[in-house]
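By UniProt numbering, the letter at position 25 of the sequence shown is numbered 25, and the numbering carries on one by one without gaps.
For every residue, glycine included, the Cβ atom is placed at its ideal position computed from N, Cα and C.
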Amino acid sequence: MLENGYLPVVSSIGVTDEGQLMNVNADQAATALAATLGADLILLSDVSGILDGKGQRIAEMTAAKAEQLIEQGIIT
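Structure representation (structure tokens):
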């Protein structure tokens, strides 16, 4: 698409079966879309990084640590 001069813009507003609009987590929507399209995903944010339960930045992250923090409900 980009090669043809198109830049896709996707909203994270979803629609239920009943036609109700709902807010979908934009990061999760972007992740699902990138995975479906086999595309690279680049997330931009206005926060200093991944924050722990006390609001402190986590300096380094591994897949194992991320899984642990998800299980603890600290990150999603």
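query, result
"With Asp-27 and Leu-43 assumed to form a contact (beta carbons below 8 Å), what rounded beta-carbon distance in angstroms separates them?", "6 Å"
"Can Ile-75 and Ile-50 be called in contact, C-beta distance under 8 Å?", "yes"
"Are the CB atoms of Ser-11 and Asn-25 within a distance shorter than 8 Å?", "no"
"Taking just the CA atoms, how far does Ile-58 sit from Gln-72?", "15 Å"
"Could you give the residue range of the beta strand (DSSP E) that holds Ile-13?", "13 to 15"
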